[in-house]
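In UniProt numbering, the protein residues as written are 1 to 273.
Yeah, the Cβ is synthetic: ideal placement off N, Cα and C, and Gly gets one too.
Keep in mind that this is a model prediction, so the values were computed, not measured.
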Amino acid sequence: MAAAPMTVESADDPRIAEFRAIRERDLTGRQNRFIAEGTVVLRMLAEAHAARRGFEAEKVLLLRNRAEGVADILARLPEDVPVYVADADVLNSIVGFDLHRGVLALGRRIAESQNLLDSLPERALVLVGCGISNHDNAGSMFRNAAAFNADAVFLDETSCDPLYRKAMRVSVGSVLSIPYQRGSSALDILAALSERGFDIWTLSPRGKTDIRAIAPSGRMALVVGTEGDGLPQAVLARFRSARVPQSARLDSLNVATATGIALFAMASAADRL
């Protein structure tokens, strides 16, 4: 159980320095640290910490009147994780805006798995993101992956870090529960998946195959690109393409919606739901 809460009375308190002006200070990429915001994400962080999924909580900062409501979550954290509480005016001064949720934690990714490709199960469904620069979309992709039982998410080197606070919040903490790897080019990631027996399907409004017509296989990968430009031609030319049928009134869906629909179709076909 985490230690008893300690009171913070000043925004200048050095113990909570990492929480200051969190909109301007992106902790992502700084020793693998990140900000977890909200009760749901705090719960996911505590679960990941307890299950040793590669994430740890380093400290927690709460609005004083929220401490009792998250006591069950704090009970899952080790005693050496400090918990700080502050009144609303002090907390808002610390973070730089009105923090209505009143729940923050500093987390750390211990180490990125270097063998995720080789640790995937014999029957697997994975999601691959190429050029996903919008943090809302990145978070939604992880939420979709969790909802439809994907085994992992791979992001290429041009995609944003899913540990960014907004992506983490939009994912409702799924970034902490879905194994993922970020780095390398999209083609390198897909080549590695192909070598390991994955049937690779790119998603495009002009895809040749109706997403509902994809035959299930033991290992499947869904590849999605950024809004606007979509997937690079080099990727589309090399692998099979699928589309989500839609009205002619719009030329495309946003990547978050399209990913959810496509994962649902593929997971359903493979009897994963």
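query = Between Asp156 and Arg196, is the Cβ-Cβ spacing less than 9 angstroms?
reply = Counted from its first residue, the sequence shown places residue 156 at position 156. Counted from its first residue, the sequence shown places residue 196 at position 196. In this structure, Arg196 does not lie closer than 9 angstroms to Asp156 by Cβ.
ask   = According to DSSP, which residues form a beta bridge with Asp210?
value = The residue labelled residue 210 in the question sits at position 210 within the sequence shown. According to DSSP, Asp210 bridges with Arg243.
request  = Please classify Arg23: does DSSP put it in a helix, a strand, or coil?
outcome  = The sequence position of residue 23 within the sequence shown is 23, counting from 1. Note: Arg23 maps to coil in three-state DSSP.
request  = Could you work out which residue in Gly173, Ser133, Arg165 is closest to Ser159 when comparing CA atoms only?
outcome  = Translated into positions along the sequence shown, residue 159 becomes position 159. Closest option to Ser159, Cα to Cα, is Ser133.
query = According to the Cβ coordinates, are Glu68 and Arg219 closer than 9 angstroms?
reply = Numbered from its first residue, the sequence shown carries residue 68 at position 68. Numbered from its first residue, the sequence shown carries residue 219 at position 219. In this structure, Arg219 does not lie closer than 9 angstroms to Glu68 by Cβ.
query = Which residues does DSSP pair with Leu155 in a beta bridge?
reply = By one-based count along the sequence shown, residue 155 stands at place 155. Gly129, Arg182, per the DSSP bridge assignment.
query = Can you tell me the Cα-Cα spacing of Ser177 and Ile22, whole angstroms?
reply = As a position in the sequence shown, residue 177 is number 177, starting the count at 1. As a position in the sequence shown, residue 22 is number 22, starting the count at 1. Distance between the alpha carbons of Ser177 and Ile22 is about 23 angstroms.
query = What's the C-alpha gap between Ala145 and Leu263?
reply = Position 145 of the sequence shown, counting from 1, holds the residue named residue 145. Position 263 of the sequence shown, counting from 1, holds the residue named residue 263. Rounded to the nearest angstrom, the two C-alpha atoms are 7 angstroms apart.
key: Simplified DSSP assignment, three categories, for Ala146   = In the sequence shown, the residue the question calls residue 146 occupies position 146. Taken through DSSP and simplified to helix, strand or coil, Ala146 comes out as helix.
ask   = Does the pairing of the region 97-106 with the region 124-138 give three or more beta-carbon distances under 8 angstroms?
value = no
task = With a cut-off of 8 angstroms on the beta carbons, I'd call Asp151 and Val126 a contact; round off their distance for me.
result = For the purposes of this step, residue 151 is identified with residue 151 of the sequence shown, where counting begins at 1. For the purposes of this step, residue 126 is identified with residue 126 of the sequence shown, where counting begins at 1. The Cβ separation is near 6 angstroms, so the contact holds.
ask   = In chain order, what residues of the same chain have a beta carbon less than 8 angstroms from the beta carbon of Ala11, not counting five sequence neighbours either side?
value = The residue given as residue 11 occupies position 11 in the sequence shown. Closer than 8 angstroms at the Cβ level, and outside the excluded window around Ala11, lie Arg20, Val90, Ser93, Ile94.
inquiry  = If contact is defined by three or more beta carbon pairs under 8 angstroms, each pair taking one atom from either stretch, is the region 239-254 in contact with the region 194-213?
reply    = yes
query = Taking all protein chains shown into account, do 16 or more other C-beta atoms lie within 10 angstroms of the C-beta of Thr202, making it buried, or fewer, making it exposed?
reply = Here residue 202 refers to the residue found at position 202 of the sequence shown. Buried, since its Cβ has 16 or more Cβ neighbours within 10 Å.
key: Alpha-carbon to alpha-carbon, Gln233 and Arg53   = Reading the sequence shown from its first residue, position 53 is the one you call residue 53. Reading the sequence shown from its first residue, position 233 is the one you call residue 233. Looking at the two C-alpha atoms, the distance is approximately 36 angstroms.
ask   = Tell me the DSSP bridge mates of Val81?
value = As a working note, residue 81 is residue 81 in the sequence shown. Answer is none; Val81 lacks a bridge partner.
ask   = Could you give the distance in angstroms between the alpha-carbon of Val224 and the alpha-carbon of Leu253?
value = For this step, residue 224 is matched to residue 224 along the sequence shown. For this step, residue 253 is matched to residue 253 along the sequence shown. So the alpha carbons of these two residues sit roughly 12 angstroms apart.
request  = Run the CB neighbour count on Glu37, radius 10 Å, all protein chains shown included, and call it buried at 16 or more, exposed below.
outcome  = As a working mapping, residue 37 is identified with position 37 in the sequence shown. Counting Cβ neighbours within 10 Å, Glu37 comes out buried, since at least 16 surround it.
Length of the line joining the Cα atoms of residue 281 and Arg66 = With the chain covering 1 to 273 only, the question about residue 281 has no answer from this structure.
request  = Would you identify the three-state DSSP class for Val235, choosing helix, strand or coil?
outcome  = Here the question's residue 235 lines up with position 235 in the sequence shown. In the structure shown, the three-state DSSP call for Val235 is helix.
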